[in-house]
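Working notes, beginning with the structure itself.
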Amino acid sequence: MLIRRNVLSEIMEIKKPKSIIISGTGRYVPEKVLTNLDLMKFVDTSDEWIYERSGIRQRHIAGENETTSDMALNASREALASAGMDASEIDLVIVTTVNPDMMFPSTACILQAKLGIRNNIPCFDLEAACSGFVYGVEVATRMMQSGFYKNALVVSSEKLSSILNWEDRATCVLFGDGAGAVVLSASDQEGVGIIDTVLGADGSDTAMLRMPAGGSMMPASAETVAKKLHSVQMDGKSVFKHAVKTMQEKALEVLERTGVPAEKIALLIPHQANARIIESVAKRIKIPAEKVYVNVERYANTSSASIPIALDEAVRAGKISAGDYVLFVAFGAGMTWGATLVKWGK
105 MLIRRNVLSE IMEIKKPKSI IISGTGRYVP EKVLTNLDLM KFVDTSDEWI YERSGIRQRH
165 IAGENETTSD MALNASREAL ASAGMDASEI DLVIVTTVNP DMMFPSTACI LQAKLGIRNN
225 IPCFDLEAAC SGFVYGVEVA TRMMQSGFYK NALVVSSEKL SSILNWEDRA TCVLFGDGAG
285 AVVLSASDQE GVGIIDTVLG ADGSDTAMLR MPAGGSMMPA SAETVAKKLH SVQMDGKSVF
345 KHAVKTMQEK ALEVLERTGV PAEKIALLIP HQANARIIES VAKRIKIPAE KVYVNVERYA
405 NTSSASIPIA LDEAVRAGKI SAGDYVLFVA FGAGMTWGAT LVKWGK
């Protein structure tokens, strides 16, 4: 009974934070750049064809021995430096990715070891495809609101080049590699930080965007490798329609729930899948182009890493100030979706 009372008293003494703020941001992209002109040398495509359909001019490609956790490590170090924090101060690690270093252990645990963080903190991977960053921030926020965690590292890292069929011009031209990270911190500031998030999914049409082989449904075999079933497959037209509709609806839903009108949004940072999708969504929620951050031309679609990469660029370019409302919105395979409203803290 004494042990039980001590535990309960400790729980009761835990101070719950007034807000969860983004205290640091970071990004990393591999050194190698693969332009559309480079792709034309081994893919039946053209710079004009790719750019007109996606807005992409180039993408970064990880080295053969560069892993998802390697990229996550570099982005994490940048985010920690931005927050003015040592890795030892982190007490929760979440990695979002569709292509971890291996099926298990989690890439988050591998990252924990590379960062040299103490061994008594929770570390886990979260897979929500391109919506992963929004999902990861929401999960970390809810855990931190309990008062048990003070600083969380949410990292989105993707080596998509390792799961592309380079003979399929409809998909291989659209993706790139990279990682983005944020440090979330408990704060006594009121009315700032993560204001609200809308999440959802619809698994009724998983064939729209998937990698068929490698799981329990279709384990790896000589046949699955020969048929290139360990590669991204996508119904581009269906994904486009779903993305525009869903991102528009969820962005408006989170604004309605919080009572923040679209005109108060200082910066919209959407998932960087396709310039045409981004333009359509911005128009439908009536946010002018100058308030929409777009970098898909330089990085292509980096899945869950796209929003935190763009966020870090925007922060370092001075596009976000204290008190600004910033809106994230994403969609991904599943299909999954999410929108998060942030009021930037000091």
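First residue of the sequence shown? That's 105 in the numbering used here, and the numbers climb one at a time after it. We put the beta carbon where it would ideally sit given N, CA and C, even for glycine.
Bridge partners - Ala443, DSSP secondary structure assignment: Position 339 of the sequence shown, counting from 1, holds the residue named residue 443. DSSP, once it has assigned bridges, lists Val302 and Val433 as partnering Ala443.
Pair every Cβ in the segment 249-257 with every Cβ in the segment 402-412, then say whether three or more of these pairs are closer than 8 Å. Contact between the segment 249-257 and the segment 402-412 is absent, because fewer than three Cβ pairs lie under 8 Å.
Does DSSP put Ile267 in a helix, a strand or coil? Taking the sequence shown and counting its residues from 1, the one referred to as residue 267 is at position 163. Three-state result, Ile267: helix.
Would you mind listing the alpha helix (DSSP H) stretches within the segment 239-285 that are 4+ residues and don't spill past its ends, in chain order? Runs found: 273-276.
Close beta carbons around Leu106, own chain, < 7 Å, minus the five adjacent residues each side: Along the sequence shown, one-based indexing puts residue 106 at 2. Here the model assigns Leu106 a pLDDT of 49, short of 50, so the residue's position is not dependable and the matter cannot be decided.
Which residue wins for smallest C-alpha separation from Gln249, given the options Lys332, Ile424 and Lys119? In the sequence shown, the residue the question calls residue 249 occupies position 145. Nearest of Lys332, Ile424 and Lys119 to Gln249, Cα basis: Lys119.
Give me, in chain order, the residues of the same chain whose beta-carbon lies closer than 8 Å to that of Leu268; leave out the 5 immediate sequence neighbours on both sides. As a first step, residue 268 is located in the sequence shown; it is residue number 164 there, counting from the start. Within the same chain, Leu268 has close Cβ partners Thr275, Cys276, Phe279, Ser335 and Val336.
Please go through the same chain and pick out, in chain order, the residues whose beta-carbon is closer than 6 Å to the beta-carbon of Asp292, but skip the five residues on each side of it. Numbered from 1 along the sequence shown, position 188 holds the residue referred to as residue 292. These residues qualify, in order along the chain: Lys122.
So what does DSSP say about Leu177, is it helix, strand or coil? Start at 1 with the first residue of the sequence shown, and residue 177 comes out as number 73. In the structure shown, Leu177 sits in a helix (DSSP, three-state: H, G or I).
Note down, one range per segment and in chain order, each alpha helix (DSSP H) of at least 4 residues found wholly within the segment 121-175. You should have 140-143 and 151-158.
Contact set for Tyr253: own chain, Cβ-Cβ below 7 Å, skip 5 residues either direction: Within the sequence shown, residue 253 is the residue found at index 149, counting from 1. Asp195, Leu196 and Met247, listed in sequence order.
On the premise that Thr129 lies in contact with Ser192, defined as a C-beta separation below 8 Å, what is that separation, rounded to the nearest angstrom? Looking up residue 192 in the sequence shown gives position 88. Looking up residue 129 in the sequence shown gives position 25. For a cut-off of 8 Å, the C-beta gap from Ser192 to Thr129 is around 20 Å, too long to register as a contact.
Among Val385, Ser261 and Ile381, which residue has its Cα nearest to the Cα of Ala355? The residue labelled residue 355 in the question sits at position 251 within the sequence shown. Taking each of Val385, Ser261 and Ile381 in turn and checking the Cα distance to Ala355, the smallest one comes out for Val385.
Taking the straight line between their C-alpha atoms, what separation do you get for Ala290 and Val243? For this step, residue 290 is matched to residue 186 along the sequence shown. For this step, residue 243 is matched to residue 139 along the sequence shown. Answer to the nearest angstrom: the Cα atoms are 14 Å apart.
Note down the Cα distance separating Thr51 from Lys263, rounded to an integer number of angstroms. A question about residue 51 goes unanswered here, because the residues of the chain that appear run from 105 up to 450.
Sufficient close CB pairs (3 or more, under 8 Å) joining the segment 297-313 to the segment 338-348: Yes, the segment 297-313 touches the segment 338-348.
Judging by CA-CA distance, which residue of Ala426, Leu177, Arg131 and Glu367 is the nearest neighbour of Ser211? Stepping through the sequence shown from its first residue, residue 211 is reached at position 107. According to the sequence shown, residue 211 is Thr rather than Ser. Measuring C-alpha to C-alpha distances from Thr211 to each of Ala426, Leu177, Arg131 and Glu367 identifies Leu177 as the nearest.
Among Tyr429, Tyr397 and Gly427, which residue has its Cα nearest to the Cα of Asp416? Mapped onto the sequence shown, residue 416 falls at position 312. Among Tyr429, Tyr397 and Gly427, the Cα nearest to that of Asp416 is on Tyr397.
Are there 16 or more other CB atoms within 10 angstroms of the CB of Lys447, so buried, or fewer, so exposed? One-based indexing of the sequence shown puts residue 447 at position 343. Counting C-beta atoms within 10 angstroms of its own C-beta, Lys447 has 16 or more neighbours from the protein chains shown and is therefore classed as buried.
When DSSP labels each residue in this structure, what does Leu92 get in the three-state scheme? Nothing in the structure corresponds to residue 92, since the chain is present only between 105 and 450.
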